[in-house]
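What follows is a set of notes on a single structure, which appears directly below.
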Amino acid sequence: MAGAGSTAGREGWSSRSAFLMAAIGAAVGLGNIWRFPTLAGENGGGAFVLVYIACVALLGLPLVLSEVMIGRAGRSDAATSIANVASQSGKSRRWGMFGGVEILAAFLILSFYSVVAGWALHYVIVMIFELGEVVGQGSPFAPAFAGDSQDAITGRMGELFANPGELILMHALFMAVTVMIVAGGVHNGIERAAGIMMPAFFVLLAGITIYGAFTGAFAEAVTFLFTPDFSRLTPVAVNEALGQALFSLSLGSAALITYGAYLGDDLKLAPTAGMIALADTCVALMSGLMIFPIVLAVGLDPAAGPVLVFQSLPIAFAQMPGGALIGFLFFILIFFAALTSSISLLEGPTALVIDRVGLRRRIAAPLVGGAAFLIGIACALGYNVWSDVRPLSFWPIFAENDILDSIDGLTGKVMLPLAALGVSLFTGWRMDRGLMAAQTGLSGARLALFRGLIAWVAPVAVALILLFGLFPGLLV
Ligand code: PFF
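With this note's numbering, letter number 35 in the sequence shown gets 17, and the count goes up by one each step, no holes.
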């Protein structure tokens, strides 16, 4: 079993920026590009955005700092790290249980995350053909899907979902790439992948946003995203904003603790945590500014829901100049964002298998990825052959959920908040104060502010997510 000292020889990040790229890559993902615009669209735009930002600042940031700090001080997988820090603080190692919840959550999220990322991969391939077609016709800046009606493009998504073979194939490809990178190790796998994909991601994000600003309904999108209409802000929307902040920052799911464990002792953690939270939030907002001008320009509904990215955008790309090229670049961008996140989802459980079971990384990564792949197959089949299966039918709030939504609901509404509650209570009330000061590099008023947020604000807010997530009846 791994104790505090037994991992001294483990691999680490080669620099601060390597860690930052990997951690920002973990945070920035489908949550930013697919879920955030969807939720903002469904919940009236500006007011939701404001509440979301407040959630990130008041509980997201302190939790990011806590998790990275616990990882660095505990130097092991998420469960063992928390237990190690508890020992160092003279408290019960049982707090490690919350790390166990994090690892299980990561494993379950990975299973459906890879299925959704597979949709993006499918569209990358579709767009390569579209691009080939328009280039073949001599006009690389033509729209995509020439001649297809809106209904025909809408039908494409239906066809994809009705086709288990295609869904599973894309899911398999995406998972295989994730496994190969994680099996390559912290330095040669994760760090190298993030170092290539994250800069490319930012270039694409900036490029497509500028394209939208010039060709799309940019002013309308800015108004939609930043003019708060508080009448649209329901308690359910506040609850969604809190949950989204946890998911988007990769909290409660082992990623940040595990990545923190590979950090050197000299790095100042507070500013680093600030950069992760800031970058993730900026990307979410930028994604809104990238997607809504395009969707609004062709008169589509910003509140389309989960099909916003996979159906509304292709319809828009069919009507916009250069739509074939932009569409291709857009789905590549989603693919990169999803891959750097799925890597971090796989690394958490893989680290546990390496540390606790003693398997080599090259065996552990495919084993964990393979198991998550099998659960993901059930998620994919939930769209076709098992479309009437409701795995959590006994649980009123999840009773209507298909297989993928059940796992999403169970992790997002129950497990992540539970883990985040444990981590905030542990850091705020149990962790040794001297150790905390030394790890964060904070002192005086800043340390007091951090402690106030992590000991009081975060647990109360997270407990509310849990309570209202489980008993939404209390909200009305
Ligand atoms: N933060 C990722 C996103 O926004 O898509 C999802 C995620 C990654 C959640 C890693 C949890 C995690 F550990």
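Glycine included, C-beta positions come from ideal geometry on N, C-alpha and C. Just so we're clear, the structure is a prediction, and the values are computed from it rather than from any experiment.
Other residues of its chain near residue i: CB distance less than 8 Å, five sequence neighbours each side excluded
i	result
L398	A87, G225, L228, F229, L233, G234, S235
A(-14)	For A(-14), the predicted structure reports a pLDDT of 36, less than 50, and the residue's modelled location is therefore unreliable. The matter cannot be settled from this model.
L207	A22, G27, G28, V31, L267, G270, L271, F274
T136	Q293, I297
Beta-carbon proximity list for residue i, same chain, < 7 Å, skipping 5 on both sides
i	result
S74	A68
A165	G171, R343, R344, A347, P348
A182	F318
Q132	I297
L307	L113, P122, F123
S375	A381
Selected residue, minimal CA-CA separation from residue i, among the options
i	options	result
A4	V108, F94, V97, A261	A261
R343	G352, T332, I52	T332
F127	V116, A401, G120	V116
A255	A134, G140, L424, P288	L424
D387	G56, F1, I314, S93	S93
M180	K395, G416, G7	G7
L249	A199, T422, L21	T422
H104	L207, F206, S121, R138	R138
G81	A61, G72, V38	A61
I314	R54, I107, V98, S(-1)	I107
Q301	D130, V291, H153	D130
V97	I389, L431, G451, I64	I389
T263	I85, A223, C361	A223
G177	M79, I85, W(-5), E329	W(-5)
A402	V83, G309, F212, D247	V83
A201	A279, A427, I163	A279
F1	R174, S213, I192	R174
I316	A353, G281, V265	V265
L417	T209, L41, S48	S48
Whether residue i touches residue j by CB criterion (9 Å)
i	j	result
L251	V277	no
F156	L321	yes
N14	A219	no
I273	P19	yes
I52	I239	yes
P303	G27	no
L186	F312	yes
L456	L449	yes
I379	F453	yes
G404	W438	no
A298	G305	yes
V46	A259	yes
L12	S369	no
L363	I385	yes
V367	P146	yes
G351	M109	no
V339	L215	no
Simplified DSSP state of residue i, which is helix, strand or coil
i	result
Q301	coil
A65	helix
G246	coil
P348	helix
I382	Inspection of the sequence shows that residue 382 is occupied by Glu rather than by Ile. Coil, per DSSP.
G(-6)	coil
W377	coil
M268	helix
S369	coil
R459	Past the boundaries of the shown model lies residue 459; the chain is included only from -17 to 458, so the question cannot be answered.
P284	coil
M413	coil
K395	helix
G(-15)	Low confidence applies here, because G(-15) scores a pLDDT of 36, under 50, leaving its location unreliable; read the following figure in that light. In this structure, G(-15) counts as coil in the three-state DSSP scheme.
L424	coil
V442	helix
S71	coil
V289	helix
G13	helix
G364	coil
F453	coil
Cβ of residue i within 9 Å of any chain C Cβ
i	result
A219	In summary, chain C is missing from the structure at hand, where a single protein chain is found.
Residues near residue i in its chain [Cβ-Cβ closer than 6 Å; skip 5 each side]
i	result
Y365	F143
G242	V50, G53, R54
G391	F380, N383
A158	none
K395	G451
G78	A61, I64, A65
W16	V291
M152	G100, L103, H104
D414	S71
| task | Pick out the complete alpha helix (DSSP H) segments inside the region 171 to 243, 4 residues or longer, and give them in chain order. | result | 174 to 197, 200 to 208, 217 to 230, 237 to 242
| request: Pick out the complete alpha helix (DSSP H) segments inside the region 80 to 166, 4 residues or longer, and give them in chain order. | output: 132 to 143, 146 to 165
| alpha helix (DSSP H) runs contained entirely in the region 23 to 62, provided each spans 4 or more residues | 28 to 37, 43 to 56
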